[in-house]
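As structure tokens, the structure follows; a few thoughts come after it.
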Amino acid sequence: MSRLRALEVVAAAAAVLTAMNLSVWLAGASPRRVLALMLAGTVGSSYGFAQALAKATPLLWTGAAVALALRAKLFNVGAEGQCLAGVLACAVVGAALPAGAPWVLAVPCCLASAAAGGAALGGLAGWLRGRFGTNEVLSTLMLNGLMAVVVTWLYGGPLRDGAQVHTRDVVAGARIPMAGAALRAFRGSGLNASFALGLVALAVLGWYLARTRGGLHIRALGSSPGTAAAVGIDPARTTVRAMALSGALAGLAGSHFVLGVKGYAEHGLGSGVGFTGIAVALLGGGRPWGIALAALLFGVLAQGALAVNAVVPSDALVVVQAATLIAVAVVGAGRAVPR
Amino acid sequence: MMAVVFLAQVLSAATPLVLASLGGVLSERAGVTMLALEGYLLLGAFAAVVAGLASGSVLVALLAAALAGALAGALFAVFAVWRRASAVVVGVAINLLAVAGTRAALKVLYGSASNSPTLPTSAGARGSSLAWTALRDALTTPTVWIAPVLVTLAALLLSRTVSGLRLTACGEHPMAARAQGVPVARVQTMALMLGGAVAALGGAQLGLHQHGFIAAMSGGRGFLAVAAVILGRWRPVRAAVWAAGIGALSALEATLASSGQVPSVLLQALPFAITLLAVAGRSGKARAPAALA
Chain H
35 MSRLRALEVV AAAAAVLTAM NLSVWLAGAS PRRVLALMLA GTVGSSYGFA
85 QALAKATPLL WTGAAVALAL RAKLFNVGAE GQCLAGVLAC AVVGAALPAG
135 APWVLAVPCC LASAAAGGAA LGGLAGWLRG RFGTNEVLST LMLNGLMAVV
185 VTWLYGGPLR DGAQVHTRDV VAGARIPMAG AALRAFRGSG LNASFALGLV
235 ALAVLGWYLA RTRGGLHIRA LGSSPGTAAA VGIDPARTTV RAMALSGALA
285 GLAGSHFVLG VKGYAEHGLG SGVGFTGIAV ALLGGGRPWG IALAALLFGV
335 LAQGALAVNA VVPSDALVVV QAATLIAVAV VGAGRAVPR
Chain D
1157 MMAVVFLAQV LSAATPLVLA SLGGVLSERA GVTMLALEGY LLLGAFAAVV
1207 AGLASGSVLV ALLAAALAGA LAGALFAVFA VWRRASAVVV GVAINLLAVA
1257 GTRAALKVLY GSASNSPTLP TSAGARGSSL AWTALRDALT TPTVWIAPVL
1307 VTLAALLLSR TVSGLRLTAC GEHPMAARAQ GVPVARVQTM ALMLGGAVAA
1357 LGGAQLGLHQ HGFIAAMSGG RGFLAVAAVI LGRWRPVRAA VWAAGIGALS
1407 ALEATLASSG QVPSVLLQAL PFAITLLAVA GRSGKARAPA ALA
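From first to last, the protein sequence lines stand for chains H and D.
The opening residue of the first sequence carries number 35 in our numbering; numbering runs sequentially from there.
The opening residue of the second sequence carries number 1157 in our numbering; numbering runs sequentially from there.
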């Protein structure tokens, strides 16, 4: 790290902290008290810590999704919609399985459908890009809007479970273990096995990009499309593959919500994690461990925002997320990200 | 009667989209990818409602919206032009900032995270029916008239004036523009501020039409406006026509949904689906400003 770069990072961190204190102060609270509350509500207690990890879980998946597409110089701003598609597919398949389905069948089945749901949406954007040259930023934004409308309708109408405004519960065998069941200290938190799965997925992603032919094609497309085409890599097919894989990762965030925390799908479940995933991917610098740390940071921020909600509106701390996103983009200007 | 209601709804639904897409055209013609239209709409709506509630004047509300948009555009320029950060990321961040910031400010100012108090409405209709009141409401909102005027002015600015040519030069070939002595960063900053102000006026229309601010009331319109920019091939008038068309689709949704004959999910999904198809079908022919990348 050059000295200038280090200076930029320090300046960016200072700017984010200033933004945080400013928004807290504008909301009429004492920054010191808010910070103390935030720390107490996250790293200060085992429950808060587990909750922060739970908030980080979907971000592991969406961060990985955005980072994978970025390696092919594709900007997947559709992790939002792809996650909604994953939640939907996971909940529908999970509820349709026979009641006594053993977990060895039910869990993989649900995971596969979550991945397929996200991959369908991402792959469509990739196909439009490869076939017609449609800008993927635009198509994924439209698909986000489309998915939001469709799931709101489905959860409020056709898929509604009687008087409840959510879908039918998935079968018992499809639920993945909650951390609270194993560790007394984590009881009541939303932390579940999807967190561990997400970490594994990040490691696999690192291996896939660095060591396999498919990963090589994706990186080649990202670094030099002309050269990639010249050595026989089909740009259209690689684009579809990168976007479908990216969508699958975003869709798998649904496992945290449907198989872990809730056991069903409902309106608003999984929304917001796609856009935050962009910040996670950028902050993580595209490296698996970087993404994991960035997801953790945003998880602490999200849980911390809830912890201080009585004093400061939790939205004031989303402003901090936006400031972090800009700070990361400024520090990383000219690297990795297509303008 | 249905036709009158529909016309009123087209006018009020198309105006925010037209103004937002014009803001997008001005920014992108200068060579800056503009995804923050959603955020501009929200900020404009919020500023207009806060100023309207405080002053009771529509003019002050509009000025406040334009000012908020210009400031947001300046913020965009600081990061995307002067610090050369990715414009896509800055756009996403400004959208996040607008959603969360307005909601937090709503809580602090009015003690509710979902909506503001209602703006006082003008004197009640005299014996006329609901449909005509709706039309009169639409026609007496100044933004409905401001939108076509601004579109015409922007078209003239871009095609007939030196400043417009310089702006376009920055979007087509910034190096050549710089070599000709055009201060590229400054021109782009001006374009972003102007674009922000115009798009935020579209937000003012949303707030004035709904007589108040509702959290996240832009509801994806900014993203539809982004599509209108591309469908209109970065020309003010064409983009406005597409935006008005998309607006008419949403108005159709509002009119038919109240009649209850067509499932509203289809109609709500329609603008997004048709826009996606149109963008896919026309993207081969589109010729973007070269510096957009």
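From the three backbone atoms N, C-alpha and C, an ideal C-beta is built for every residue, glycine too.
For residue i, which option in the options has the closest C-alpha, if you only look at C-alpha atoms?
i	options	result
H/R165	D/A1396, D/V1435, D/A1446 and D/A1353	D/V1435
D/A1347	D/I1430, D/V1338 and D/G1229	D/G1229
D/G1225	D/A1260, D/A1353 and D/H1365	D/A1353
H/V221	H/M212, H/S228 and H/A227	Note that residue 221 of chain H corresponds to Arg in the displayed sequence, not to Val. Among H/M212, H/S228 and H/A227, the Cα nearest to that of H/R221 belongs to H/M212.
D/A1164	D/N1251, D/V1300, D/V1188 and D/N1271	D/V1300
H/G294	H/G232, H/G266 and H/V365	H/G232
D/A1360	D/S1268, D/R1185, D/A1332 and D/L1219	D/L1219
D/L1432	H/V171, H/L122 and H/S305	H/V171
D/H1367	D/F1232, D/L1173 and D/N1271	D/N1271
D/A1256	D/A1383, D/E1194, D/S1183 and D/L1314	D/E1194
Does any residue of chain H have a CB that is nearer than 8 Å to the CB of residue i?
i	result
D/Q1361	no
D/L1253	yes
D/R1391	no
D/F1369	no
D/S1272	no
D/V1206	no
D/F1202	no
D/G1180	no
D/S1183	no
D/R1334	no
D/F1162	no
D/R1239	yes
D/I1386	yes
D/A1429	yes
Strictly under 8 Å for the Cβ-Cβ distance: is residue i near chain D by that measure?
i	result
H/T168	yes
H/D349	yes
H/A98	no
H/W59	no
H/Q355	yes
H/F309	yes
H/G179	yes
H/M72	no
H/L51	no
H/M54	no
For residue i, go through chain H and note every residue whose CB falls closer than 9 Å to its CB, in chain order.
i	result
D/R1342	Here the premise fails: no neighbours, minimum Cβ distance about 19 Å.
D/R1394	Chain H residues near D/R1394: none, gap ~17 Å exceeds 9 Å.
D/G1257	S57, D349, A350, V352, V353 and A356
D/A1383	L172, L175 and M176
D/A1355	None at all; the shortest Cβ gap to chain H is about 16 Å.
In angstroms with no decimal places, state the Cα-to-Cα distance between residue i and residue j.
i	j	result
H/L41	H/R163	39 Å
D/L1312	D/A1335	25 Å
H/T358	H/V352	10 Å
H/M35	H/V43	Note on H/M35: pLDDT 48, under 50, position unreliable in the model; the coordinate value appears next. Those two C-alpha atoms are separated by around 10 Å.
H/V150	H/G324	In the sequence as displayed, the identity of residue 150 of chain H is Ala instead of Val. If I take the Cα positions, the gap works out to 26 Å.
H/L139	D/A1217	60 Å
H/R194	H/A125	12 Å
D/L1262	H/L56	17 Å
D/G1401	D/A1170	8 Å
D/L1253	H/G338	18 Å
H/T52	H/S289	36 Å
H/G179	H/T186	11 Å
H/D203	H/G196	12 Å
H/F229	H/G304	15 Å
Using the beta-carbon of each residue, which ones in chain H are nearer than 7 Å to residue i?
i	result
D/Q1424	V183
D/G1376	G179
For residue i, return the contacting residues in chain D, with the cut-off set at a CB-CB distance below 8 Å.
i	result
H/G164	The premise fails here: H/G164 is roughly 11 Å from chain D at the closest Cβ pair, so nothing lies under 8 Å.
H/L145	The premise fails here: H/L145 is roughly 28 Å from chain D at the closest Cβ pair, so nothing lies under 8 Å.
H/S173	L1432, V1435 and A1436
H/M277	Within 8 Å Cβ-Cβ: nothing; H/M277 doesn't reach chain D, min ~14 Å.
H/F109	V1244
H/I312	V1245 and V1248
Using the beta-carbon of each residue, which ones in chain D are nearer than 7 Å to residue i?
i	result
H/W187	V1421
H/G62	V1264
H/M212	Ordered by position in chain D, no residue passes the 7 Å Cβ test against H/M212, which lies about 29 Å from the chain.
For residue i, go through chain H and note every residue whose CB falls closer than 8 Å to its CB, in chain order.
i	result
D/A1176	The premise fails here: D/A1176 is roughly 14 Å from chain H at the closest Cβ pair, so nothing lies under 8 Å.
D/F1235	I360, A363 and V364
Show which residues of chain D have a CB atom less than 9 Å away from the CB atom of residue i.
i	result
H/L380	Outside the shown range of chain H, which is 35 to 373, sits residue 380 of chain H, and nothing can be said about it.
Where are the alpha helix (DSSP H) runs, 4 residues long or more, that stay fully inside the segment 99-150 of chain H, in chain order?
113-130
Going along the chain, which unbroken runs of the alpha helix (DSSP H) with 4 or more residues stay wholly within the segment 199-238 of chain H?
213-216
Whole alpha helix (DSSP H) runs in the segment 52-101 of chain H with 4 or more residues, listed along the chain?
Fully enclosed alpha helix (DSSP H) runs of 4 or longer: 65-75.
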